[in-house]
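*Asks:*
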Amino acid sequence: MIEASSGVASLVCIMSPVYEQAGCAFHLPFRFPIPERYHGRNMIRKSSSKLKKTRDELPIDVGLFAPGERICVAVSGGADSTALLRALLSRRAELGIVLTVLHVEHGLRAAAAARDAAFVAALAKERGLPCEIVAVDTPRRVAERKESVEEAARNLRYQVFRDRLADGKADKIATAHTLDDQAETVLMKLLRGAWTEGLSGIHPILRLESKAPIAAGDAGSVIRPLLAVRRTQVEAYLRALGQPWCEDETNQSADFTRNRVRHELMPILRTYNPQIEQTLAHVAANAREEEHHWQQELARLLPQILLPGKPARGGGRSVATQPGFASVALEIARLRSLDAGLLRRILRVAAEQCGATLDFDATERLLAMVLGGHTATTGKRLELPGGVRAQRSARELRLERSSGANSAEQAAIHSNTQHMYELDIPGTVQAPAFGACFTATLEPSTVDTLTFPRAHVRAWQPGDRVRLRYSGGPKKVKEVLERLGIRGDARADWPVVEWQGNVVWMRGVDVENDSITDKAIRGVQTAKPHLHLRIHETPWDS
96 MIEASSGVAS LVCIMSPVYE QAGCAFHLPF RFPIPERYHG RNMIRKSSSK LKKTRDELPI
156 DVGLFAPGER ICVAVSGGAD STALLRALLS RRAELGIVLT VLHVEHGLRA AAAARDAAFV
216 AALAKERGLP CEIVAVDTPR RVAERKESVE EAARNLRYQV FRDRLADGKA DKIATAHTLD
276 DQAETVLMKL LRGAWTEGLS GIHPILRLES KAPIAAGDAG SVIRPLLAVR RTQVEAYLRA
336 LGQPWCEDET NQSADFTRNR VRHELMPILR TYNPQIEQTL AHVAANAREE EHHWQQELAR
396 LLPQILLPGK PARGGGRSVA TQPGFASVAL EIARLRSLDA GLLRRILRVA AEQCGATLDF
456 DATERLLAMV LGGHTATTGK RLELPGGVRA QRSARELRLE RSSGANSAEQ AAIHSNTQHM
516 YELDIPGTVQ APAFGACFTA TLEPSTVDTL TFPRAHVRAW QPGDRVRLRY SGGPKKVKEV
576 LERLGIRGDA RADWPVVEWQ GNVVWMRGVD VENDSITDKA IRGVQTAKPH LHLRIHETPW
636 DS
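In the numbering used here, the protein residues as written are 96 to 637.
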């Protein structure tokens, strides 16, 4: 590890052992003053064959590029994006492309973020490339949109990409997702219960919406040229070039689901299958091809199956035009002629057109309405996520969403907000309104002198979010209840436990249990900074 200071920030770069022993210093934002015996030009003269072989072994997907395209490379300063930039630089004449550099500073890591930005700016200057550094306010978006940090940062980053494409500053944005990223993404999607499209993982080409005119082909897209490259290949490539990179310390933090998958789950899976990354990447490729087939099939069938509005007297169909209303219908006889796999997809698309995203259980309930007996299901109603209601008649299945569909539910929720009980940590509280007794324990148990803020047992409220185990970010409690199929009064009275502004427990689901740190302890330092809070619910005996 090499550290050097500049007027901007300290630079921490990962180098090969020979560079560590050399004690080289780097100063930003000027050229890197590497001792002559280790300078890149001399290294290339002494090891040109090795470098050429290394370049050839970094398999960039050259099919993503076309001569004359302006490629904006998104460079964070990490190993993957630094390798992508260097690899494209070495092949830009061959590919006939024009390169620029873009760095998005997310406003999360203070001095470390300034270090990364300075590193990227210096690298671009060293290689004679235009570089743009864009700062975004991730904490503000988290507060305003109630998104997870990862979700907010990604949304802001991709908005910057859209802006660059819309401004005509680039034809494509290149990002440095690797095969390891692909494997981790597929595994995370699988743990969350994704459909086939989710298991397709990271796509080589992601077309973004843009107001600018889009040329033929894949212009106006984000491209991922390194999806066939392992992370170990990336680092070997950089070391062979003598190219440093910045290490993001948050990549080791267990606070993020991806890091736990990367550092805890993947090593275990490798003991079962040493090629697990490649296997999961194959799953993604197969799922992508399957999804492409189904999308073509849906594009052919949907215009024949989806019917707008309701049947009108005298023939034809009536379509409501009031704001917030959406309606679509499907003929039962036509649906029953389809196989279950295709039928599930059609039902999900129909629900999406009305604003509902269906999980497996909701889709199965809707499928049962279609396939059930005629007399048993005629007139039956089903509440779906997003305020969408399904109703079956003798001939049709109709899905509707009205802006006022949840007004009664909201009134019931607000009427129950007075039910709140304080819960000592550790401690127990009787909660008659919820028909339960709640006990908070700490693992491992701590000494009696430690005092923690109290938690609160209450009914859920609009805007509440909960982080489910194996989930990438907080989910709306409302959406979780929809997935559980909780309706009516039971839904309005559904209990949660709030502690330090976060929902740490919710009935019926497995909540991600973050460790408690010293910040939660009032005036007492502890030798056990990784305590875990557990909430236990037992029936209340009146």
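Even glycine gets a Cβ: it sits at the ideal position worked out from N, Cα and C.
Which two residues bound the contiguous alpha helix (DSSP H) that contains N381?
*Replies:* Sequence index remark: in the sequence shown, residue 381 carries index 286 (1-based). N381 -> alpha helix (DSSP H) spans I371 to I400.
*Asks:* Just how far apart, CA to CA, sit R319 and P369?
*Replies:* Here residue 319 is taken as the residue at index 224 of the sequence shown, counted from 1. Here residue 369 is taken as the residue at index 274 of the sequence shown, counted from 1. For R319 and P369, the distance between alpha carbons rounds to 25 Å.
*Asks:* Going by the DSSP bridge assignment, what does I630 pair with across the sheet?
*Replies:* For the purposes of this step, residue 630 is identified with residue 535 of the sequence shown, where counting begins at 1. A535, per the DSSP bridge assignment.
*Asks:* Would you report the Cα separation of R439 and L466, rounded to the nearest angstrom?
*Replies:* Here residue 439 refers to the residue found at position 344 when the sequence shown is read from its first residue. Here residue 466 refers to the residue found at position 371 when the sequence shown is read from its first residue. The straight-line gap from Cα to Cα measures roughly 11 Å.
*Asks:* Can at least three beta-carbon pairs, one atom from the region 291-304 and one from the region 369-379, be found at a separation below 8 Å?
*Replies:* yes
*Asks:* Out of M361, T195, L179 and L203, which has the shortest C-alpha to C-alpha gap to M283?
*Replies:* Taking the first residue of the sequence shown as position 1, residue 283 is located at position 188. Of the candidates M361, T195, L179 and L203, the one whose C-alpha sits nearest the C-alpha of M283 is M361.
*Asks:* Just to confirm, is the Cβ distance from L333 to A178 under 8 Å?
*Replies:* Locating residue 333 in the sequence shown gives position 238, counting from the first residue. Locating residue 178 in the sequence shown gives position 83, counting from the first residue. Their beta carbons are under 8 Å apart, which means L333 touches A178 by this criterion.
*Asks:* Entirely within the region 156-229 and at least 4 residues each: give me those alpha helix (DSSP H) ranges in chain order.
*Replies:* 174-190 and 205-221
*Asks:* Along the beta strand (DSSP E) that carries G522, what are the first and last residues, could you check?
*Replies:* Counting from 1 along the sequence shown, the entry for residue 522 is found at position 427. Looking at the DSSP string, the run of the beta strand (DSSP E) that includes G522 is G522 to A526.
*Asks:* DSSP beta-bridge partners for R484?
*Replies:* In the sequence shown, residue 484 corresponds to position 389, counting from 1. DSSP lists E478 and E495 as partners of R484.
*Asks:* By a C-beta neighbour count over all protein chains shown, 10 Å radius and 16 as the cutoff for buried, is T233 buried or exposed?
*Replies:* Sequence index remark: in the sequence shown, residue 233 carries index 138 (1-based). Classification of T233: buried, given that the 10 Å Cβ count is 16 or more.
*Asks:* Tell me, please, whether the region 212-229 touches the region 185-199 by the rule of three or more beta-carbon pairs shorter than 8 Å.
*Replies:* yes
*Asks:* Helix, strand or coil, according to DSSP, for I581 in the structure here?
*Replies:* The count along the sequence shown starts at 1 and reaches residue 581 at position 486. Correct three-state label for I581: coil.
*Asks:* Give the single residue among A349, P480, L494 and K475 whose Cα lies nearest to the Cα of L453.
*Replies:* On the sequence shown, residue 453 is found 358 positions in, with the first residue counted as 1. That would be P480, whose Cα lies nearest to the Cα of L453.
*Asks:* I630: buried (16+ other C-beta within 10 angstroms of its C-beta) or exposed?
*Replies:* Against the sequence shown, residue 630 aligns to sequence position 535. Buried is the call here.
*Asks:* When the distance is taken between beta carbons, is L321 closer than 8 Å to A271?
*Replies:* Along the sequence shown, one-based indexing puts residue 271 at 176. Along the sequence shown, one-based indexing puts residue 321 at 226. In this structure, L321 lies closer than 8 Å to A271 by Cβ.
*Asks:* Does chain C have any CB closer than 8 Å to the CB of E607?
*Replies:* Absent from the structure is chain C; it holds one protein chain and no more.
*Asks:* Suppose you measure from the CA of A496 to the CA of P521; what does that come to, to the nearest Å?
*Replies:* Counting from 1 along the sequence shown, the entry for residue 496 is found at position 401. Counting from 1 along the sequence shown, the entry for residue 521 is found at position 426. Per the sequence shown, residue 496 should be read as Arg rather than Ala. Each residue's alpha carbon lies about 44 Å from the other.
*Asks:* Under 8 Å, do L628 and A554 count as touching if we go by C-beta distance?
*Replies:* The sequence position of residue 628 within the sequence shown is 533, counting from 1. The sequence position of residue 554 within the sequence shown is 459, counting from 1. Going by C-beta atoms, L628 is not nearer than 8 Å to A554.
*Asks:* Say whether the region 346-360 touches the region 184-191, bearing in mind that this needs 3 or more beta-carbon pairs closer than 8 Å, one atom from each stretch.
*Replies:* Taking 8 Å as the limit for Cβ pairs, the verdict is that the region 184-191 does not touch the region 346-360.
*Asks:* Helix, strand or coil for R240? Go by DSSP, reduced to three states.
*Replies:* On the sequence shown, residue 240 is found 145 positions in, with the first residue counted as 1. DSSP places R240 in helix when its eight states are reduced to three.
*Asks:* Whether or not the region 253-261 and the region 335-343 are in contact is what I'm after, with contact meaning three or more pairs of Cβ atoms, one per stretch, closer than 8 Å; do they touch?
*Replies:* No contact exists between the region 335-343 and the region 253-261.
*Asks:* Check V604 in the structure and name its three-state DSSP category.
*Replies:* Residue numbering aside, residue 604 sits at position 509 when the sequence shown is read from its first letter. In this structure, V604 counts as coil in the three-state DSSP scheme.
*Asks:* What separation, rounded to the nearest whole angstrom, lies between the Cα atoms of Q505 and R490?
*Replies:* Sequence index remark: in the sequence shown, residue 505 carries index 410 (1-based). Sequence index remark: in the sequence shown, residue 490 carries index 395 (1-based). Low local confidence applies: a pLDDT of 46 at Q505 is under 50, so the model's placement there is unreliable, with the coordinate-based value given in what follows. In this structure, the alpha-carbon of Q505 lies about 33 Å from that of R490.
*Asks:* Looking only at DSSP bridge pairs, what is Y516 linked to?
*Replies:* Looking up residue 516 in the sequence shown gives position 421. Y516 is bridged to V552.
*Asks:* Are the beta-carbon atoms belonging to P154 and A323 less than 8 Å from one another?
*Replies:* Within the sequence shown, the letter at position 59 stands for residue 154. Within the sequence shown, the letter at position 228 stands for residue 323. Contact flag set, yes.
*Asks:* Near E386, what residues of its chain come up, given a Cβ to Cβ distance below 7 Å and the 5 sequence neighbours on each side ignored?
*Replies:* Position 291 of the sequence shown, counted from the start, is the residue given in the question as residue 386. Here the set comprises T291, E292 and S295.
*Asks:* Quick one: what does DSSP say P403 is sitting in, helix, strand or coil?
*Replies:* Residue mapping note: residue 403 aligns to position 308 of the sequence shown, counting from 1. Looking at P403 - three-state DSSP - the assignment turns out to be strand.
*Asks:* Quick one, which of D434, L286 and N597 has its alpha-carbon nearest R560's?
*Replies:* Here the question's residue 560 lines up with position 465 in the sequence shown. That would be N597, whose Cα lies nearest to the Cα of R560.
*Asks:* For A51 and E330, I'd like the C-alpha separation in whole angstroms.
*Replies:* No answer is possible for residue 51: it lies beyond the span of the chain, which begins at 96 and ends at 637.
*Asks:* What's the call for R443, buried or exposed, on a 16-neighbour Cβ count within 10 Å?
*Replies:* Your numbering for residue 443 matches position 348 in the sequence shown. It counts as buried.
*Asks:* Taking 6 Å as the limit between beta carbons, can you name the residues of its chain near A424, skipping five residues before and five after?
*Replies:* Working through the sequence shown from its first residue, we reach residue 424 at position 329. Same-chain partners within the cutoff: L402, E491 and R493.
*Asks:* For the beta strand (DSSP E) that L425 lies in, which residues bound it at each end?
*Replies:* Numbered from its first residue, the sequence shown carries residue 425 at position 330. From DSSP, the beta strand (DSSP E) with L425 extends over A421 to E426.
*Asks:* DSSP on V599, reduced to helix/strand/coil?
*Replies:* For the purposes of this step, residue 599 is taken as residue 504 along the sequence shown, with counting starting at 1. The answer is strand: DSSP assigns V599 an E or B state.
*Asks:* Which same chain residues, not among the five before or five after R383, have their C-beta less than 7 Å away from its C-beta?
*Replies:* Sequence index remark: in the sequence shown, residue 383 carries index 288 (1-based). The answer, listed in chain order, is S295 and H298.
*Asks:* Taking the beta strand (DSSP E) that V591 falls in, what are its first and last residues?
*Replies:* As a position in the sequence shown, residue 591 is number 496, starting the count at 1. First-last of the beta strand (DSSP E) with V591: P590 to W594.
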